[in-house]
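Participant: Chains as they are written, first to last, in our numbering: chain C, 1 to 336; chain L, 337 to 732; chain S, 733 to 1031.
Supplied in structure tokens, the structure appears directly below.
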Amino acid sequence: MRPRTKLIAIVVTMAVLLGLNQVVEYGFGEFQVNPYYARIINLVGINITLAVSLNLINGLAGQFSIGHAGFMAVGGYAATYLTVYHGQELAGLAGTTLATGLGASVAMAFSLLVGACAAAAAGLAVGIPSLRLKGDYLAIVTLGFSEIIRVVILNIPAVGGATGFTDAIPITNFFWIFAMAILAIVVVRNIASSTFGRALAAIRGDEIAAEAMGVRTTRYKVLAFVISAAFAGVAGGLSGQLFANPLNPQNLNFVKSIEVIVMIVLGGIGSTTGAVFGATALTILPEALRPVDRQFPGLRMVIYALVLILLMIFRPQGVFGRRELGWQWLRVRRSR
Amino acid sequence: MSVSLTTPVWKRGLLFVAGASILSLGVACERRPATGGDTADTGEIVIGMYGSLTGDGASFGQSSREATELAVDEVNTAGGILGGRKFKLLVEDDQSKPDEAASAVTKLITQDKAVAILGEVASRRSLAAAPIAQRYAVPMITPSSTNERVTEVGDYIFRVCFIDPFQGEVLAKFAVNDLKAKKAAVLKDIQQDYSVGLTDSITRSFAALGGQVLDPVSYSSGDGDFRAVLTQIRSQKPDVVFVTGYYPEAAIIARQARELGMNMPLLGGDGWVGDALQNGREALNNTYISNHYSGDNPDPVVQNFVTTYTARFKREPDAIAALAYDAVKVLADAMTRANSTDGPKVRDALAKTDVAGVTGRLKINAKRNMEKPAVIQEVTFKDGKVKFVYKTTINP
Amino acid sequence: MQTFLQQTINGLSLGAIYALIALGYTMVYGVLRLINFAHGDVYMLGAFAGYFLANALQLDANPSILWAIVVTIGAMAICAVIGILIERLAYRPVRHHSRLTSLITAIGVSLLLEYGGQVVFGATPRFFPQMIRSRTFVLGGVQITNQSLLIILLAVAVMFGLHFIVHRTKIGKAMRATSYNLAVAKLMGINTDRVIAFTFALGSALAAAGGVMVALSIPRIDPLMGLMTGLKAFVAAVLGGIGNIPGAMLGGMLIGLMETALSATAYSTYRDAVAFGVLILILLFRPAGILGTSGTDKV
């Protein structure tokens, strides 16, 4: 796209998001969006960011990571910590307080930035040792890191410890969630069709051959981890500062990582469209199943597990496989 | 405008996204609910109760549910309130999880349109749900969450029991004065606000009375093996050990402590009151708890409650049940005085509560808590059953 | 000194639990190169099977060593069947897909057992009946219960038993052959499907025995109890050298001792992180494990 077209696209997207934000958060006139559904829409957005970023490591780079919850935790806690302890100062930079939309947005921007950086650092810490490990072992090491992060956070009273970060200030709104989701999608899609993406595809195909062909596997694998972790951190920051959704180490565990994996597996590992689809489906499905879960606690997760197993047996490539839904799809298909 | 083969791709894409968004928003929209005032002036009064009917805290949830149902039935049988309107009780299970508690209360308020919320027993879950009740201006009464932060969430949150700073004092006083303890060890559950708060309070009070408190040792809800931490405690030879968590762990801690040869008195708070405590078996002898009420109190109000409850549910009510019962009565009383179910009016009426209940005089103070005496009970295990035997009362 | 000895005993009892489960992990990985995430949950099912059997026999009121053994064997048999079923229904269809697919399937089975257990048994924890009355022996100021002793003895016995089976029986030979190269083993006339089923059955039975023994000394059981313990047992297997039987025992004991040592300090709440920290270190510096042999990958 030409730079001018890009600029127009960005401005239009921002305008649309702001408009939708106004509707979803505040309603218009006589109408409002049912708070329950608004919440689900917000959760879908957060999960899209998580799934799309995980897809970068697991799908595009072919590295099996089950530690995504750990990155979400690091980024989320760092972001929330900043807002809770320095939010007013940040809002003050714009000459206002946290209570106003502008002040909250400024705080949010800084908060997410810090979250992304913290999570990226964690991604670096995990990515480097992972270089030597393959398949199963890599999976277990990422799991290990994620659990260690969780246990450490559990022991920090300043961020709430076992109770969770209940002091969080709820500045997350529709705009930020979907702005970040769209950013994640754009970034990953651009990576996929770039040299970086080609390198990842080579690594995914056969790492040793790629190395032999001169692809710098080390650098690209670590980079993939770092970018993926950064977005997971952003998702964490958004999640933790959503109303009545405090970050809690008990929730940011192995099971959470698996939930994100199921999302991309369902959609199709390697497909960003698939990740979006999976995230949407698997945020709405558990909510739709909530009445069932009330009757039989745990049934929701049983269905998750069954979905996972059946997918692996009958359609391991998921719904979209490796295919993407792109502008091509909207073009007219000329019949031959 | 018409979409055709010649419409540029980006326009089509935009239309697609726009269409999808409008469709989903359309489904999600609704008319704004009327703010304030009774939306229904007649008919049933919907009140919601959330509790841990399953999971680690199942005993709490079941006791409070039974007692709540009993109290609601009594109010309804007596003709209801506000000119014959009856309570309709909706119960949600939070599975002993704080985020489920939050979503249960959200559902009760936004979907079921409850005008008051009852719950929860565990402070951690009350803390998760209280901000929601506060935001929607729906009064919430917790029957037995004792952590002081619960009512600090906002002016719509009330409780009908004492708070942990007092409970800690009570336990410390008993240990120093009655058990003549000079050195104490504390085991706390870092996952439960109740336990952490109670530990702080005990530590302060015990030290203030001149005793020595060893550094608290932590465990987590769900742990099963405490031998390592107990061995450390044992090596420091305390006179008493405070176990400030909930009953499932307390039972095992008692057993494993005795297996390690630790026979000093163990003390706990009201969190020990749960039927699974009986798994401590003989290890529970020589332990004491602080509690809200004693079932063997000869006062006719108490005995009447015990008899009615036992007849209906085939087991004796515990303190959790007694408090849940009182919570309903307090709510009914407040609504009657406010002559309305409107949130702000009920809130104001609740703030002035002063009635007599099963657990004593129920008077709300300025912080929306109650200052009530605590009882100390000795825990005994005989004939396969746990019994709490009244020992003494300690007044605020 | 007395405290140190006591803590060592505590650590060994804990370690024996991990060792029992690790042995099953290591066997299955050795033969199939599959991390059977569901193994920890079979351990949980063993505890529950024992719970229901013991209650049916009313052992809480009438403890008896003989019936306790019956209950244990019953639980082992039930879980052996479950293990075979899991392999047949979930793992065999994906055996020829990628390793990652198998791993995801294993995770799926694990979740299914955990949450299925919650649906069927309820999430509320239950307390295992005391099949054998607890007795504490005091040796030089150190307290050890008969249940802890039992677990340690059982782990050691199982280790020797497994070693015998794998190295001195025909089926053991078949297992080793399958673990070296499945395709060639098949060509050599070994019924690999049966060997694999046997491996699963054996591993699951061991996990079940572990579950019952543990439930005696840590009486609280709930459907999610296998998750953490299973993960740590897996770490123990890797620590000792995955695929190596004495390694699993060693790894289990080490993890148990380290965790207990940490619990004895002010950092007891970091306990869960110990196992994972150890795992990362081991995989970085000696991926084959303490007793493992490092192989070379042919490209």
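All C-beta atoms in this analysis are idealised placements derived from N, C-alpha and C, irrespective of residue type, glycine included.
(1) When we look at the beta-carbon of isoleucine 1012 of chain S and count the other beta-carbons within 10 Å, is it buried (16 or more) or exposed?
(2) Against chain C, with Cβ distances strictly below 8 angstroms, would histidine 829 of chain S count as a contact?
(3) May I ask you to report which of helix, strand or coil DSSP gives asparagine 627 of chain L?
(4) Just verifying my parser: in three-state terms, what is the DSSP assignment at tyrosine 81 of chain C?
(5) Which class does valine 23 of chain C belong to by DSSP, given the choice of helix, strand or coil?
(6) Is there a Cβ from chain S that is less than 8 angstroms from the Cβ of valine 215 of chain C?
(7) If you count every other CB in all the chains shown that lies within 10 Å of the CB of glutamine 527 of chain L, and 16 or more means buried, which is it?
(8) Which residue spans inside the segment 390-470 of chain L form an unbroken alpha helix (DSSP H) run of at least 4?
(9) Which residues in chain L have a C-beta closer than 7 angstroms to the C-beta of alanine 1005 of chain S? List them in chain order.
(10) I need the boundaries of the beta strand (DSSP E) containing tyrosine 555 of chain L, first residue and last residue.
(11) Does asparagine 47 of chain C pass the burial test, meaning 16 or more other C-beta atoms within 10 Å, or should it be called exposed?
(12) Listed from N- to C-terminal order along the chain, which residues in the segment 450-464 of chain L have their beta-carbon within a distance smaller than 7 angstroms of any beta-carbon of chain C?
(13) Helix or strand or just coil, what does DSSP make of threonine 716 of chain L?
(14) Quick check on DSSP: helix, strand or coil for valine 946 of chain S?
(15) Got a sec: is the Cβ-Cβ distance from glycine 581 of chain L to anything in chain S below 8 angstroms?
(16) Starting from the C-beta of leucine 311 of chain C, find all residues in its chain whose C-beta is less than 7 angstroms away, skip the five residues before and the five after it, and write them out in chain order.
(17) Determine which residues of the segment 538-556 of chain L have a Cβ less than 8 angstroms from any Cβ of chain S, and write them out in chain order.
(18) Around the C-beta of threonine 910 of chain S, are 16 or more other C-beta atoms found within 10 angstroms, so that it is buried, or is it exposed?
(19) Looking at the structure shown, is alanine 61 of chain C part of a helix, part of a strand, or coil, going by DSSP?
(20) Identify the continuous beta strand (DSSP E) that holds alanine 692 of chain L and give its terminal residues.
(21) So which residues of chain C does proline 825 of chain S contact, with C-beta pairs closer than 8 angstroms?
(22) Does DSSP put leucine 877 of chain S in a helix, a strand or coil?
(23) Give the list of continuous beta strand (DSSP E) stretches no shorter than 3 residues that lie fully inside the segment 460-525 of chain L.
(24) Could you spell out where the alpha helix (DSSP H) holding threonine 195 of chain C opens and where it closes?
(25) Taking DSSP as the reference, what is the three-state secondary structure of methionine 706 of chain L?
(26) Do you know whose CA, among L/Arg648, L/Asp536, L/Ala469 and L/Phe494, lies nearest threonine 478 of chain L's CA?
(27) Give me the Cα-Cα distance between glycine 19 of chain C and serine 399 of chain L, rounded to the nearest whole angstrom.
(28) With DSSP as the reference, please indicate the residues paired to arginine 348 of chain C in a beta bridge.
(29) Within 8 angstroms of any Cβ in chain C, is that where the Cβ of valine 1039 of chain S sits?
(30) Going by DSSP, what residue range makes up the alpha helix (DSSP H) through tyrosine 386 of chain L?
(31) As an exercise, report each continuous beta strand (DSSP E) stretch of at least 3 residues that is fully enclosed by the segment 526-602 of chain L, in chain order.
(32) According to DSSP, phenylalanine 165 of chain C sits in a beta bridge with which residue or residues?
(33) So what does DSSP say about glycine 756 of chain S, is it helix, strand or coil?
(34) So is glycine 840 of chain S in contact with chain C if we call contact Cβ pairs under 8 angstroms?
(35) Could you check how far apart the C-beta atoms of alanine 655 of chain L and tyrosine 629 of chain L are, in whole angstroms? I think they sit under 8 angstroms.
(36) DSSP beta-bridge partners for tyrosine 750 of chain S?
Facilitator: According to the structure data:
(1) That one is buried.
(2) Histidine 829 of chain S counts as touching chain C.
(3) Look at asparagine 627 of chain L here: in three-state DSSP terms it is strand.
(4) Of the three classes helix, strand and coil, the one that applies to tyrosine 81 of chain C here is helix, per DSSP.
(5) The three-state secondary structure of valine 23 of chain C, taken from DSSP, is helix.
(6) Taking Cβ atoms only, chain S never reaches closer than 8 angstroms to valine 215 of chain C, which makes this a no.
(7) That one is buried.
(8) Taken in chain order, the whole alpha helix (DSSP H) runs of length 4 or more contained in the segment 390-470 of chain L are 394-413 and 434-442.
(9) Residues of chain L passing the Cβ test: none, with the nearest at roughly 13 angstroms.
(10) Tyrosine 555 of chain L -> beta strand (DSSP E) spans 553-555.
(11) By the neighbour-count criterion, in which 16 or more other beta carbons inside 10 Å mark a residue as buried, asparagine 47 of chain C falls on the buried side.
(12) Cβ contacts with chain C: Arg460 and Leu463.
(13) Threonine 716 of chain L: strand per DSSP, three-state reduction.
(14) Assignment of valine 946 of chain S by DSSP, reduced to helix, strand and coil, places it in the helix class.
(15) Using a Cβ-Cβ cut-off of 8 angstroms, glycine 581 of chain L does not count as an interface residue toward chain S, since no Cβ of chain S sits closer than that to its own.
(16) Short of 7 angstroms from the beta carbon of leucine 311 of chain C, and not among the five residues preceding or following it, lie these beta carbons of its own chain, in chain order: Val265, Leu266 and Gly318.
(17) Correct list: Asp551, Val553, Ser554, Tyr555 and Ser556.
(18) Buried is the label assigned to threonine 910 of chain S, since at least 16 other Cβ atoms lie within 10 Å of its Cβ.
(19) Of the three classes helix, strand and coil, the one that applies to alanine 61 of chain C here is coil, per DSSP.
(20) Alanine 692 of chain L: member of the beta strand (DSSP E) spanning 690-693, first to last residue.
(21) Within chain C, the residues near proline 825 of chain S are Ile313.
(22) Position check: residue 877 of chain S holds threonine in this sequence, whereas leucine was assumed. Three-state DSSP puts threonine 877 of chain S in a strand.
(23) Whole beta strand (DSSP E) segments, 3+ residues: 476-478, 493-495 and 519-525.
(24) For threonine 195 of chain C, the uninterrupted alpha helix (DSSP H) run begins and ends at 195-205, by DSSP.
(25) It is a strand residue.
(26) Nearest C-alpha to threonine 478 of chain L: L/Phe494.
(27) The straight-line gap from Cα to Cα measures roughly 49 angstroms.
(28) For residue 348 of chain C there is no data in the structure shown, the boundaries of chain C being 1 and 336.
(29) Nothing about residue 1039 of chain S can be reported from this structure: the residues present for chain S run from 733 to 1031 only.
(30) Counting along the chain, tyrosine 386 of chain L falls outside any alpha helix (DSSP H), though it belongs to the beta strand (DSSP E) covering 381-387.
(31) List check, beta strand (DSSP E) in window: 553-555 and 576-579.
(32) Note: phenylalanine 165 of chain C sits in no beta bridge, so no partner.
(33) Taken through DSSP and simplified to helix, strand or coil, glycine 756 of chain S comes out as helix.
(34) Using a CB distance cut-off of 8 angstroms, glycine 840 of chain S counts as an interface residue toward chain C.
(35) For alanine 655 of chain L against tyrosine 629 of chain L, the beta-carbon gap comes to about 5 angstroms, under 8 angstroms, which counts as contact.
(36) Tyrosine 750 of chain S is not bridged to any residue.
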